[in-house]
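Visitor:
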Amino acid sequence: MSQNIFKESLIVMNNLENLKKRITFLREEMHELINSEDFLTANNVVSISQELDKALDEYYKIKNNH
Numbered sequence: 002m003s004q005n006i007f008k009e010s011l012i013v014m015n016n017l018e019n020l021k022k023r024i025t026f027l028r029e030e031m032h033e034l035i036n037s038e039d040f041l042t043a044n045n046v047v048s049i050s051q052e053l054d055k056a057l058d059e060y061y062k063i064k065n066n067h
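First residue of the sequence shown? That's 2 in this note's numbering, and the numbers climb one at a time after it.
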């Protein structure tokens with residue numbers, strides 16, 4: 002039983018680590034797009050912002066459940 006909990010914890014930690022990397026990547030991409038676009042409402046800026054929101058939501062859901 003404790004081995005299953007350990008495996009589950011490793012999976013959760015790995016998922017969180019992957020999400021952190023994705024969040025960092027998306028933030029950097031969004032900042033680059035913002036600097037290259039005339040408007041914050043440009044489709045590609047909005048799209049990556051929404052993707053970042055989803056990744057952040059997923060990160061906090063996992064983090065708050067464990």
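All residues carry an ideal CB built from backbone N, CA and C; glycine is no exception.
Given a cut-off of 9 Å on the beta-carbon distance, is the pair Ile-24 and Ala-56 in contact?
Guide: The residue you call residue 24 lines up with position 23 of the sequence shown. The residue you call residue 56 lines up with position 55 of the sequence shown. Yes.
Visitor: According to the neighbour-count rule (16 or more other Cβ atoms, all chains shown, within 10 Å of its Cβ), is Met-31 buried or exposed?
Guide: By 1-based counting over the sequence shown, the position of residue 31 is 30. With 16 or more Cβ atoms within 10 Å of its Cβ, Met-31 is classed as buried.
Visitor: Consult DSSP for Asp-58 and reduce its assignment to one of helix, strand or coil.
Guide: Residue numbering aside, residue 58 sits at position 57 when the sequence shown is read from its first letter. In the structure shown, Asp-58 falls within a helical segment according to DSSP collapsed to helix, strand and coil.
Visitor: Report buried or exposed for Ile-49, applying the criterion of at least 16 other Cβ atoms within 10 angstroms of its Cβ.
Guide: To locate residue 49, count along the sequence shown from 1; it is residue 48. Its Cβ being crowded by 16 or more others within 10 Å, Ile-49 is buried.
Visitor: Would you report the Cα separation of Met-14 and Glu-52, rounded to the nearest angstrom?
Guide: Mapped onto the sequence shown, residue 14 falls at position 13. Mapped onto the sequence shown, residue 52 falls at position 51. Rounded to whole angstroms, Met-14 to Glu-52 spans 21 Å at the Cα level.
Visitor: Can you tell me the Cβ-Cβ gap for Ile-17 and Ile-63, rounded? I've got them flagged as a contact below 8 Å.
Guide: Within the sequence shown, numbered from 1, the residue matching residue 17 stands at position 16. Within the sequence shown, numbered from 1, the residue matching residue 63 stands at position 62. Sequence check: residue 17 is Leu here, not Ile. Indeed they touch by this definition, with Cβ atoms about 6 Å apart.
Visitor: Using only CA atoms, which one of Lys-21, Ala-43 and Ser-3 lies nearest to Asp-58?
Guide: The sequence position of residue 58 within the sequence shown is 57, counting from 1. Distance from the Cα of Asp-58 is smallest, within the candidate group Lys-21, Ala-43 and Ser-3, for Lys-21.
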